[in-house]
Structure formats: C-alpha cells, structure tokens
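Student:
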Amino acid sequence: SQQGEEDPQALSIQEGENATMNCSYKTSINNLQWYRQNSGRGLVHLILIRSNEREKHSGRLRVTLDTSKKSSSLLITASRAADTASYFCATDAGAQKLVFGQGTRLTINP
Amino acid sequence: EAGVAQSPRYKIIEKRQSVAFWCNPISGHATLYWYQQILGQGPKLLIQFQNNGVVDDSQLPKDRFSAERLKGVDSTLKIQPAKLEDSAVYLCASSFSGGARNTQYFGPGTRLTVL
C-alpha cells in the first residue's frame, strides 16, 4: 500500500503564480523526497529533506516537513509552463526503500 | 553520465502471452528497483536488488512475475502469462547505495498494454 497521500490530486494555476502541494504519511521516516514526472517520462528527483530538517530550498522549490503532523509541502514559486507535470512525494522509512504517494497533477496555464 | 536505460519503450501483447523488460542501471549503482505504475497512480515497488541479491520482493506477484539481475548489473523483468490488469508503465530505477540519502534515478519506463 502507498504511504504518502498528496493533496490536491490535481491543481491548475496561471503561469507566474505559486503552486503548493501537500503530502501526508503514516509511519516514521528517515527522509522524504519529492519527484517530478513529465507526461510519458520517468521520474526525476527534485529535493530530499531529512527527518531532522524543517525546511529546504532548491531554486524555485521550497519544501517543508512537519514530523509531528507527518506532513510535507512542496511550494513552486513563479510557476512556468515547463512545470506542468505530476509531482510525487516518497517516504524513506529504511531499507533503501521508497514508498510513493498517488501524486498531484499540476497544470500551468499560459 | 549515462542514465538508466530501459527497453523496449512500448509493448503491446495479448493476455496470456509473455513479455520481458530490460534495464541497465547507472554504472556503479549497486541497488536496482523495478516499479509498476498504473495510470493515475504513483509507482509501486515490485522488487529491489542489492547487487545480484533480492532485498525486497514482497509486492511481486510471484505466480506470474519474475526478475533477475545477473552479475549485479543489468536486470530483466518477466511476466508470464500476462493479464489485462498488468497494463501499466514499468519503471526501473537505480541508486548508488543505501543509507539515508537513497536518491533513486529512474529510466524512461516501458509502457505495457495487455489486450
């Protein structure tokens, strides 16, 4: 079964706006990762946040982690058409194994 | 650095036929994963190899799915016989080693359609 649950399932915004996606999970984790998947392609790693970190930035991406609430959020600022993709959170609970959520489908409208 | 290679990219078969997928991980990556991704869902781990040994195959339908990683490098995933519900994208990923970082690098996937 999948541990992470993303919210919303789908998000449509205008280019230039910010996009926020949320992920909730059930068990203790070592780290949480976000991946992007463009249509018909494999997944691309975006960012990793360790369980002892609360916030991390990478370019236009900002990830937060609240282990007490077992939740994470991914913020994409100043969105571009190229950001249109599905975004997945994945939790690493050990044994080098990632468990993926169902994903958020993000559409950026020009 | 070359990425994870998979072939074929697309495959269409009829139910009860057999099919095989091939994956070549990034050079030096000890851990290799096969995922099944059904349309509209996230990837589900089928099997995980560490070198040529199986670490986790708890979600692999062993009555019809098999996988091997000879010599700890490339890997094949086989389905025999295929069912309609096996229609999905099969993703291969690799990572350098375990530990807390475990960043996985994915191939482009093989889209399987079972008719």
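Chains as they are written, first to last, in my numbering: chain C, 1189 to 1298; chain R, 31 to 145. Backbone N, C-alpha and C define an ideal beta-carbon position, used for all residues, glycine too. For clarity, every value in this text was computed on a predicted model and none was experimentally measured.
1. Touch check for the stretch 41 to 54 of chain R and the stretch 71 to 87 of chain R: three-plus C-beta pairs under 8 Å?
2. Quickly, what does DSSP pair R/Ala123 with across the bridge? List them, please.
3. Name the residue from R/Val144, R/Phe136, R/Lys41 and R/Ser48 whose alpha carbon lies nearest to the alpha carbon of R/Leu114.
4. Indicate whether at least one CB of chain C lies closer than 7 Å to the CB of R/Gly137.
5. Residues in the stretch 65 to 81 of chain R with C-beta within 9 Å of chain C's C-beta atoms, listed in sequence order?
6. Quick one: what does DSSP say C/Asp1254 is sitting in, helix, strand or coil?
7. List the whole-angstrom C-beta distance separating C/Asn1218 from C/Ser1200, where the pair is believed to meet the contact cut-off of C-beta under 8 Å.
8. Flag this pair as yes or no: are the beta carbons of C/Glu1203 and C/Pro1298 separated by less than 7 Å?
9. Under 7 Å, Cβ to Cβ, is there at least one residue of chain R near C/Gly1289?
10. Can you name the residues of chain C whose CB is closer than 9 Å to the CB of R/Val103?
11. Just checking my contact of C/Thr1272 with C/Leu1286 at CB under 8 Å: how many whole Å lie between their CB atoms?
12. Counting Cβ pairs, one atom from each stretch, are 3 or more of them under 8 Å apart for the stretch 98 to 113 of chain R and the stretch 36 to 50 of chain R?
13. Enumerated in chain order, which unbroken segments of the beta strand (DSSP E) with a length of 3 residues or greater are wholly contained in the stretch 1197 to 1258 of chain C?
14. State yes or no: is the beta carbon of C/Arg1242 nearer than 7 Å to at least one beta carbon in chain R?
15. Under DSSP, the beta strand (DSSP E) around R/Glu98 begins and ends at which residues?
Tutor: If we stick to the structure as given:
1. no
2. R/Tyr63 and R/Phe136
3. R/Val144
4. yes
5. Tyr65, Gln67, Gly70, Gln71, Gly72, Pro73, Lys74, Leu75, Gln78 and Gln80
6. strand
7. About 33 Å separates the two Cβ atoms, so there is no contact after all.
8. yes
9. yes
10. The contacting residues do not exist; R/Val103 stays about 18 Å from chain C at best.
11. With a Cβ gap of about 24 Å, C/Thr1272 and C/Leu1286 do not count as contacting.
12. yes
13. 1198 to 1202, 1207 to 1212, 1219 to 1225, 1231 to 1238, 1243 to 1246 and 1249 to 1254
14. no
15. Phe95 to Glu98
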